[in-house]
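Student: Structure in structure tokens, see below.
Chains as they are written, first to last, in our numbering: chain U, 12 to 201; chain Y, 901 to 1058.
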């Protein structure tokens, strides 16, 4: 309907559950700790898999076996990351929505998802030809390298969300920053 | 020199001072610290999950551990290279932080375990001869790393 994203996330932030999460002494910190723990599981194993695709570790282990045995763990990790990450967003919706690093992270996540989709739809179906190769073919190495770069940037930008350098309440910012963060410097909205 | 005096000395070094007076340095170093942790976690977990019998079960533990070892060393090196400057920038805060001491205790224990007993665990076929013991040690290792991560995150909350 007629609600702008800014108004919507402002409204969400005023909802009782969001306020409770935001004001709770421990809930936010505990959720963030779980987010970091699952980062170890998800990011850690993704890195190891990407390194295998690049031919930099576990060269004697068939790639299909790494996928088959580790993918369930990364899925578990990813699901918990999405749940805890959503709760962290829900605790501070408007500020997160307008945060430059949050927006950057979301774009990178879409790209990482695209890379996963390309790998599983285009590269992985032909694995029979290179499953046991110490160094997989260039298509697989590219997928591994892109994944490694994207997830590294996702972790870094995720960590940077905590910093308020480009927050709307810290004016003056350049016009570009205010555009990228949907900031309305005079505070006319909400 | 008392411990607090040593922490104060770290705090007063040009490195600590430079990081404190910079807007970007602490967050950037911290990001590398987190990436180092992620790399360490991955290279540790791939072996521990195998010891738990829930990972690459067809691979010999010794081979998997040998494969992961350079990345483990790289991850730990990155964590120390970034963690020490971070510590120097806020060593006084760390001294009075409960989370910091939890983290250091877990870190000391897990590094001690990783570079002594764990080498023997991964080089012998403990996972097939005494699977329960191998599982317990894997859980201990994961729990200690969890303690390191928890303490690290909570230093920032205090």
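Glycine residues also receive a C-beta, built at the ideal position from the N, C-alpha and C atoms.
1) Does residue 1044(Y) pass the burial test, meaning 16 or more other C-beta atoms within 10 Å, or should it be called exposed?
2) Helix, strand or coil for residue 1(U) per DSSP?
3) Within 7 Å of any Cβ in chain Y, is that where the Cβ of residue 111(U) sits?
4) Go ahead and pull the three-state DSSP assignment for residue 28(U).
5) Can you pull the chain U neighbours of residue 972(Y), defined as C-beta to C-beta under 8 Å?
6) Does residue 199(U) pass the burial test, meaning 16 or more other C-beta atoms within 10 Å, or should it be called exposed?
7) When you compare the stretch 116-127 of chain U with the stretch 22-41 of chain U, are there three or more beta-carbon pairs, one atom per stretch, that lie closer than 8 Å?
8) DSSP three-state call for residue 1030(Y): helix, strand or coil?
9) Indicate the three-state DSSP secondary structure (helix, strand or coil) for residue 65(U) in the structure shown.
10) If contact means a Cβ-Cβ distance below 9 Å, which residues of the stretch 934-945 of chain Y contact chain U?
11) Would you say residue 51(U) reaches chain Y, if we count a Cβ-Cβ gap shorter than 7 Å as a contact?
12) Exposed or buried, residue 933(Y), counting other C-beta atoms within 10 Å across all chains shown (16 or more means buried)?
13) Does DSSP classify residue 92(U) as helix, strand or coil?
14) Could you name the residues of the stretch 52-66 of chain U whose beta carbon sits closer than 8 Å to any beta carbon of chain Y, in the order they occur along the chain?
15) At a CB-CB cut-off below 7 Å, which residues of chain U make contact with residue 1001(Y)?
16) Going by DSSP, what residue range makes up the alpha helix (DSSP H) through residue 197(U)?
17) Strictly below 9 Å CB to CB, what residues from chain Y border residue 71(U)?
18) Run down chain Y in chain order and give the residues with a C-beta less than 7 Å from the C-beta of residue 174(U).
19) With a threshold of 8 Å on Cβ separation, who are the neighbours of residue 201(U) within its own chain once the five nearest residues in sequence on each side are excluded?
20) DSSP on residue 978(Y), reduced to helix/strand/coil?
21) Which same chain residues, not among the five before or five after residue 995(Y), have their C-beta less than 7 Å away from its C-beta?
22) Taking Cβ-Cβ distances below 8 Å as the criterion, which residues of the stretch 142-169 of chain U are in contact with chain Y?
23) Could you name the residues of the same chain whose beta carbon sits closer than 7 Å to that of residue 179(U), not counting the 5 residues immediately before and after it, in chain order?
24) Just to check my reading of the structure: residue 55(U) and residue 945(Y) have Cβ atoms closer than 8 Å, yes? What is that Cβ distance to the nearest angstrom?
25) Taking residue 985(Y) and residue 929(Y) to be in contact with their CB atoms under 8 Å, please state how far apart those CB atoms are, rounded to whole angstroms.
26) If I measure Cβ to Cβ from residue 938(Y) and keep anything under 8 Å in the same chain, skipping five residues before and after, which residues do I get?
27) Can you grab the Cα-Cα spacing for the pair residue 100(U) / residue 176(U), in whole Å?
28) Is there contact between the stretch 1019-1039 of chain Y and the stretch 43-53 of chain U, where contact requires at least three CB pairs shorter than 8 Å?
Tutor: Let's see:
1) Against the second chain, residue 1044(Y) aligns to sequence position 144. Residue 1044(Y) is classed as buried because its beta carbon has at least 16 other beta carbons within 10 Å across all chains shown.
2) Shown here, chain U extends from 12 to 201; a query on residue 1(U) therefore has no answer.
3) Position 100 of the first chain holds residue 111(U). Output row for residue 111(U): interface = no.
4) The sequence position of residue 28(U) within the first chain is 17, counting from 1. Residue 28(U): helix per DSSP, three-state reduction.
5) Walking along the second chain from the start, residue 972(Y) turns up at place 72. Per Cβ cutoff of 8 Å: no residues; residue 972(Y) is ~11 Å from chain U at best.
6) Locating residue 199(U) in the first chain gives position 188, where the first residue counts as 1. Confidence at residue 199(U) is low in this model, with a pLDDT of 47, below 50, so the placement of that residue is unreliable and no value is reported for it.
7) no
8) For the purposes of this step, residue 1030(Y) is taken as residue 130 along the second chain, with counting starting at 1. Residue state, collapsed to three classes: coil.
9) Numbered from its first residue, the first chain carries residue 65(U) at position 54. Three-state DSSP puts residue 65(U) in coil, outside helix and strand.
10) 934, 935, 937, 938, 939, 940, 941, 942, 943, 944 and 945
11) Within the first chain, residue 51(U) is the residue found at index 40, counting from 1. Yes, residue 51(U) counts as interfacial toward chain Y.
12) If you number the second chain from 1, residue 933(Y) lands on position 33. Buried.
13) Taking the first chain and counting its residues from 1, the one referred to as residue 92(U) is at position 81. Helix.
14) Against chain Y - using a Cβ distance shorter than 8 Å - the residues of the stretch 52-66 of chain U are 52, 54, 55, 56, 57, 58, 59 and 62.
15) Locating residue 1001(Y) in the second chain gives position 101, where the first residue counts as 1. Residues of chain U passing the Cβ test: none, with the nearest at roughly 17 Å.
16) For the purposes of this step, residue 197(U) is taken as the residue at position 186 of the first chain. Careful: residue 197(U) lies outside any alpha helix (DSSP H) and carries neither H nor E.
17) If you number the first chain from 1, residue 71(U) lands on position 60. Within chain Y, the residues near residue 71(U) are 959, 963 and 967.
18) Numbered from 1 along the first chain, position 163 holds the residue referred to as residue 174(U). What residue 174(U) touches in chain Y: 927.
19) Numbered from 1 along the first chain, position 190 holds the residue referred to as residue 201(U). Only weak support exists for where residue 201(U) lies, its pLDDT of 47 falling under 50; the coordinates are left without a value.
20) By 1-based counting over the second chain, the position of residue 978(Y) is 78. DSSP places residue 978(Y) in helix when its eight states are reduced to three.
21) Taking the second chain and counting its residues from 1, one reaches residue 995(Y) at position 95. Cβ neighbours of residue 995(Y) beyond the five flanking positions: 904 and 907.
22) 163, 166 and 167
23) Locating residue 179(U) in the first chain gives position 168, where the first residue counts as 1. Same-chain partners within the cutoff: 109, 192 and 194.
24) Counting from one through the first chain, the residue named residue 55(U) turns up at place 44. Counting from one through the second chain, the residue named residue 945(Y) turns up at place 45. About 5 Å separates the two Cβ atoms, so the contact holds.
25) Along the second chain, read from residue 1 onward, the residue named residue 985(Y) stands at position 85. Along the second chain, read from residue 1 onward, the residue named residue 929(Y) stands at position 29. Indeed they touch by this definition, with Cβ atoms about 6 Å apart.
26) Position 38 of the second chain, counted from the first residue, corresponds to residue 938(Y). Here the set comprises 975.
27) Locating residue 100(U) in the first chain gives position 89, counting from the first residue. Locating residue 176(U) in the first chain gives position 165, counting from the first residue. Straight-line Cα distance between these residues: approximately 18 Å.
28) no
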